[in-house]
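**Student:** To start, I am sharing the structure in question, which I have written as structure tokens.
2 protein chains.
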Amino acid sequence: MASEADVLQASGERRDLRRATEIVGKKWHPVVISTLLADGRRGFNDLKGALDGISDKVLSDCLDDLQSVGLVTREVIDDKPVRVEYSLTTAGEDLESVIEDLRAWSREHLSEDLPDRS
Amino acid sequence: MASEADVLQASGERRDLRRATEIVGKKWHPVVISTLLADGRRGFNDLKGALDGISDKVLSDCLDDLQSVGLVTREVIDDKPVRVEYSLTTAGEDLESVIEDLRAWSREHLSEDLPDRS
DNA sequence: CAGTATCCAAATAGATACTG
DNA sequence: CAGTATCTATTTGGATACTG
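Line by line, the protein sequences are chains A and B.
Residue numbering for the first sequence follows my numbering, beginning at 1 and increasing consecutively.
Residue numbering for the second sequence follows my numbering, beginning at 1 and increasing consecutively.
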């Protein structure tokens, strides 16, 4: 029998899972995080170059969102011209293993068998 | 210096990651998988009941998609009335640890600190 | 029981042009 | 350099009603 407490716990776990997948499931969020993991603290145009294909607006929205959920820190460096640097918080860094596992799972189960031999 | 080979590999890794997050990032996919992991092989209405809030159409679309990417198997049992049972493939089962890690990460970094003491 | 058929609303992503 | 402003297209998710 499922007690009322069980039901509550299940819905709490669903909510936790959803919060994570809402972040990780956005088109650019995981690759931005992955880039910051690999390359460290970067400026807007560095990221834009590394991402290849992303538009200004989409990167901007993406970084805003990542800040708002506490995965990325934005720091304004007061040079001339002013620079801005983005880096991961520990929450962001802690996604590394999950991202690696997702990638590994994908390679194992999702790669349509490459038609490699000519 | 980034060689051409490095660039190609990076884009391949991005594609792998994207394939995984496209699945895991859908609103209901991870919770359907999670339910099948916990409860095993289930019928349409069992799942619908366990999911609470999902509509027929959305569950139907979701199961179609999970089949098409090879995570779920659909089996028609020829009783009267006919039953249909859904279960995970090994690719689906192999997502268990990733889903658990996502949940754990979420609890550690995303839970807005519960206002628990009255 | 296990869905389909319609229609609709909201969320995401992208193109293009412009700014301090 | 680091964005914002618009406008549009596409993708999802959902409500409701109906079917073999």
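Glycine included, each C-beta is placed from N, C-alpha and C at the ideal position.
Note that the structure is a prediction, hence the values are computed from the model and not measured.
1) State the DSSP-derived secondary structure class of G49(B), mapped to helix, strand or coil.
2) If you draw a straight line from the C-alpha of N45(A) to the C-alpha of R74(B), how long is it?
3) For G43(B), list the residues DSSP reports as bridge partners.
4) From E4(A), L63(A), S34(A), pick the residue whose C-alpha is nearest to that of E85(A); which is it?
5) Taking I77(A) as part of the beta strand (DSSP E), name the residues at either end of that continuous run.
6) Looking only at its own chain, which residues have a Cβ that is under 7 Å from the Cβ of I54(A), when we skip the five neighbours before and after it?
7) With the cut-off set at 7 Å, would you say L71(B) and G92(B) are in Cβ contact?
8) Between A20(B) and chain A, is any beta-carbon pair separated by less than 7 Å?
9) Quick check on the burial criterion: 16 or more other C-beta atoms within 10 angstroms. Buried or exposed for T90(A)?
10) Let me know if V31(B) comes out buried or exposed under the rule of 16 or more other beta-carbons within 10 Å of its beta-carbon.
11) So, with DSSP's three-state summary, where would you put S111(B)?
12) Note down, in chain order, all residues in the stretch 73-99 of chain B with a beta-carbon under 9 Å from any beta-carbon belonging to chain A.
13) Are L88(A) and L36(A) closer than 7 Å when you measure CB to CB?
14) With 7 Å as the threshold, decide whether the Cβ of W28(B) is near any Cβ in chain A.
15) If you check the beta carbons only, do D160(A) and V98(B) fall under 7 Å apart?
16) Under 7 Å, do L110(A) and R19(B) count as touching if we go by C-beta distance?
17) Return yes when the Cβ of T21(A) is within less than 7 Å of the Cβ of G25(B), no when it is not.
18) Taking R14(B) as the reference, which of D52(A), E4(A), Q9(A) has the closest Cα?
19) With DSSP as the reference, label W28(B) as helix, strand or coil.
20) Using the C-alpha atoms, what's the distance from L66(B) back to A50(A)?
21) Starting from T91(B), trace the alpha helix (DSSP H) in both directions and tell me its first and last residue.
22) Here's the rule: buried if 16 or more other CB atoms are within 10 angstroms of the residue's CB, otherwise exposed. What is S106(B)?
23) Please classify R103(A) as buried or exposed, where buried requires at least 16 other C-beta atoms within 10 Å of its C-beta.
24) Determine the DSSP secondary structure at A2(B), reduced to helix, strand or coil.
**Tutor:** Working from what's here:
1) helix
2) 47 Å
3) E85(B)
4) L63(A)
5) 72-77
6) W28, K48
7) The answer is yes: Cβ separation under 7 Å.
8) yes
9) exposed
10) buried
11) Per DSSP, reduced to three states, the secondary structure at S111(B) is coil, with no helix or strand assignment.
12) T89, T90, A91, G92, D94, L95, S97, V98, I99
13) yes
14) no
15) Chain A is shown from 1 up to 118; residue 160(A) falls before or after that span and cannot be answered.
16) yes
17) yes
18) D52(A)
19) coil
20) 32 Å
21) Note that residue 91(B) is Ala in the sequence shown here, rather than Thr. Boundaries of the alpha helix (DSSP H) harbouring A91(B): 90-93, taken from the DSSP string.
22) buried
23) buried
24) coil
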